[in-house]
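Input: a single structure, listed below in structure tokens.
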Amino acid sequence: MTIRLLPGDRAAADPERALTLGVMGGGQLGRMFVHAAQQLGFRTAVLDPDATSPAGLVAHAHVQAEYLDEAGLQALADTADAITTEFENVPAEALRRLAERRPVAPSGDAVAVCQDRAAEKAHFVDCGVPVAPHAVIADEAALAAVPDDLLPGILKTARMGYDGKGQIRVADRAALEAGWAELGRVTCVLEKRLPLAFEVSVIVARGRDGRVVAFPLQQNLHRDGILAVTTVPAPAGTPALEAEAIGCAARIAADLGYVGVLCIEFFILEDGSLVANEMAPRPHNSGHHTIDSCDLSQFDLQVRAMAGLPLAKPRLHSPTVMLNLLGDLWFDAAGQERTPDWAAVLALPGANLHLYGKESARRGRKMGHLTITGATPAAARETALQAAALLGIEPF
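Counting in full-length UniProt numbering, the sequence shown runs from 1 upward without gaps.
Okay, here's the thing in structure tokens:
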């Protein structure tokens with residue numbers, strides 16, 4: 001374990017220091033959280049094993065340790081006054097250990113539910129939130145007992161799946177058996193494939209006092225299981241759909257005793273009905289646009305929830321389209337590495353470029369995002385399509 005402080009910043013190791021907010025995980029969400037916390041004058045500390053993690057490079061203190069390293073956890077608890085997480089696969093046990101010494105939001109128990117698709121589905125059902133018909137497959141007997149009407153379906157590992165990883169489409173029982181074997185015969189959830197019209201997400205923030213505020217409904221386009229485009233206001237959304245999605249998210253958060261920012265992804269079916277897909281116990285890729293399109297970002301609300309500051313309702317001041325920037329853009333058709341033409345992109349009106357400070361690009365890696373704001377939804381979309389053409393992103 002090592003601890004890095006910003007040059008000249010010994011205050012982070014001083015017990016009389018100013019208030020410090022800590023984050024488990026040093027990726028881009030941690031980096032944006034750190035920036036939001038620093039804007040309000042908080043000191044920041046990051047625990048991440050990577051010496052060059054995007055958040056660790058900009059925090060006041062970087063504890064370089066594995067997430068369950070006891071000395072690292074003690075160092076973070078000694079440095080930070082309150083602690084959060086920036087991605088859902090930080091071990092819940094690490095958060096529980098930290099909670100013995102410092103306030104932690106969200107709690108390890110809440111994160112544990114989000115880490116297990118079977119537990120997550122059960123929680124949705126308990127909250128009265130619609131979900132796709134599904135079955136949990138933990139052994140051969142459960143595999144044999146899968147009802148015929150769940151096929152064709154999507155088989156997903158119960159744990160450690162994200163961005164389309166750990167998922168296999170299965171058309172019949174033979175494919176189901178082969179898929180379960182391919183996934184290592186670990187506990188999985190089989191979901192019935194439904195006729196989808198589009199996908200949305202809603203981000204809420206809940207304080208320790210139970211107050212909940214929400215961002216507007218976001219419509220999302222995924223490619224190869226990875227978020228590609230987010231549009232706000234949601235083009236196919238309605239006030240009734242938005243109210244239903246926010247209501248579902250608020251119930252889910254309340255039943256978890258949740259504190260912090262929570263994202264729920266929903267599928268909207270061809271008949272207009274809504275089913276919950278999954279949740280993320282943190283700010284979410286689909287909400288990164290809020291930095292530029294809203295008067296409060298999702299990271300501002302994460303900081304406020306942690307620090308016990310008022311959770312004001314965020315306001316969307318500009319229609320927006322956000323493009324996810326994957327490492328593929330850093331390679332030309334021949335596979336040679338290149339730098340995207342940022343100058344041409346930044347010449348577009350309403351273009352806000354966010355690069356995450358990652359040292360190297362690789363295909364499928366999230367390197368940044370581009371938010372295009374406009375006076376109208378049509379104007380934002382038109383400019384976003386121009387940006388996509390400049391970058392070589394498939395139109396939408």
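The beta carbon of each residue, even a glycine, is placed where N, CA and C say it ideally should be.
Report buried or exposed for residue i, applying the criterion of at least 16 other Cβ atoms within 10 angstroms of its Cβ.
{"i": "M160", "result": "exposed"}
{"i": "H284", "result": "buried"}
{"i": "T339", "result": "exposed"}
{"i": "R304", "result": "buried"}
{"i": "G335", "result": "exposed"}
{"i": "residue 456", "result": "The chain is shown only over 1 to 396; residue 456 falls outside these bounds and no answer can be derived."}
{"i": "H317", "result": "exposed"}
{"i": "L262", "result": "buried"}
{"i": "E278", "result": "buried"}
{"i": "R211", "result": "exposed"}
{"i": "R381", "result": "buried"}
{"i": "G364", "result": "exposed"}
{"i": "A280", "result": "buried"}
{"i": "R10", "result": "Because R10 carries a pLDDT of 47, less than 50, the predicted location of this residue cannot be relied on, and the following value inherits that uncertainty. R10 is exposed by the Cβ-count criterion."}
{"i": "P15", "result": "Its pLDDT being 45, under 50, P15 is placed unreliably by the model, and nothing is read from it."}
Please report how far the alpha carbon of residue i lies from the alpha carbon of residue j, in whole angstroms.
{"i": "Q64", "j": "G272", "result": "47 Å"}
{"i": "I252", "j": "L217", "result": "16 Å"}
{"i": "G237", "j": "L269", "result": "12 Å"}
{"i": "G207", "j": "D149", "result": "41 Å"}
{"i": "L227", "j": "L221", "result": "6 Å"}
{"i": "P319", "j": "K121", "result": "32 Å"}
{"i": "L73", "j": "R282", "result": "20 Å"}
{"i": "Q386", "j": "S360", "result": "26 Å"}
{"i": "A36", "j": "R169", "result": "39 Å"}
{"i": "S286", "j": "P235", "result": "15 Å"}
{"i": "A59", "j": "G179", "result": "42 Å"}
{"i": "R362", "j": "D328", "result": "6 Å"}
{"i": "I264", "j": "A18", "result": "34 Å"}
{"i": "R193", "j": "Q39", "result": "44 Å"}
{"i": "R96", "j": "A175", "result": "39 Å"}
{"i": "V125", "j": "G153", "result": "19 Å"}
{"i": "E394", "j": "A388", "result": "7 Å"}
{"i": "D300", "j": "E88", "result": "19 Å"}
{"i": "R315", "j": "P54", "result": "28 Å"}
{"i": "A13", "j": "L47", "result": "Model confidence at A13 stands at a pLDDT of 46, short of 50, so the residue's coordinates are unreliable; what they give is reported in the following sentence. Distance between the alpha carbons of A13 and L47 is about 15 Å."}
{"i": "V229", "j": "A379", "result": "16 Å"}
{"i": "A135", "j": "A181", "result": "17 Å"}
{"i": "Y258", "j": "D332", "result": "44 Å"}
{"i": "L183", "j": "E244", "result": "35 Å"}
{"i": "R185", "j": "E140", "result": "9 Å"}
{"i": "M32", "j": "G41", "result": "15 Å"}
{"i": "R102", "j": "A75", "result": "12 Å"}
{"i": "I291", "j": "L348", "result": "18 Å"}
{"i": "F396", "j": "I246", "result": "26 Å"}
{"i": "A144", "j": "N352", "result": "52 Å"}
{"i": "P49", "j": "E177", "result": "37 Å"}
Less than 7 Å separating the beta-carbons of residue i and residue j?
{"i": "L151", "j": "D172", "result": "yes"}
{"i": "T376", "j": "G350", "result": "no"}
{"i": "A77", "j": "V275", "result": "no"}
{"i": "R4", "j": "T20", "result": "no"}
{"i": "Q115", "j": "I203", "result": "no"}
{"i": "A71", "j": "M1", "result": "yes"}
{"i": "A82", "j": "G108", "result": "no"}
{"i": "G260", "j": "P130", "result": "no"}
{"i": "F267", "j": "L370", "result": "no"}
{"i": "T187", "j": "A138", "result": "yes"}
{"i": "G368", "j": "H354", "result": "yes"}
{"i": "residue 409", "j": "G128", "result": "Since the first residue shown for the chain is 1 and the last is 396, residue 409 is missing from the structure and cannot be characterised."}
{"i": "L390", "j": "A344", "result": "yes"}
{"i": "V104", "j": "L98", "result": "yes"}
My understanding is that residue i touches residue j, with C-beta atoms under 8 Å, so please give their C-beta distance in whole angstroms.
{"i": "G392", "j": "L57", "result": "About 28 Å; that fails the 8 Å criterion."}
{"i": "residue 415", "j": "G22", "result": "Not covered by the structure: residue 415. The range shown for the chain is 1 to 396."}
{"i": "M306", "j": "T84", "result": "6 Å"}
{"i": "V232", "j": "S293", "result": "6 Å"}
{"i": "H123", "j": "D255", "result": "7 Å"}
{"i": "K366", "j": "L326", "result": "6 Å"}
{"i": "Y67", "j": "A110", "result": "Not a contact, Cβ separation roughly 17 Å."}
{"i": "A249", "j": "A214", "result": "7 Å"}
{"i": "A205", "j": "L311", "result": "5 Å"}
{"i": "Q219", "j": "F198", "result": "6 Å"}
Tell me the residue span of the beta strand (DSSP E) that contains residue i.
{"i": "C188", "result": "C188 to K192"}
{"i": "T320", "result": "T320 to L326"}
{"i": "L269", "result": "G260 to L269"}
{"i": "T2", "result": "T2 to L5"}
Name the two residues that bound the continuous alpha helix (DSSP H) containing residue i.
{"i": "L98", "result": "A92 to A99"}
{"i": "L110", "result": "Note on residue identity: the sequence assigns Ala, not Leu, to residue 110. Element bounds for A110: G108 to C114."}
{"i": "F215", "result": "Counting along the chain, F215 falls outside any alpha helix (DSSP H), and DSSP gives it neither H nor E."}
{"i": "H35", "result": "Q28 to Q39"}
{"i": "E88", "result": "Careful: E88 lies outside any alpha helix (DSSP H) and carries neither H nor E."}
Should residue i be flagged as near chain D, meaning a C-beta pair shorter than 7 Å?
{"i": "C127", "result": "Among the chains in the structure shown there is no chain D, since it carries only a single protein chain."}
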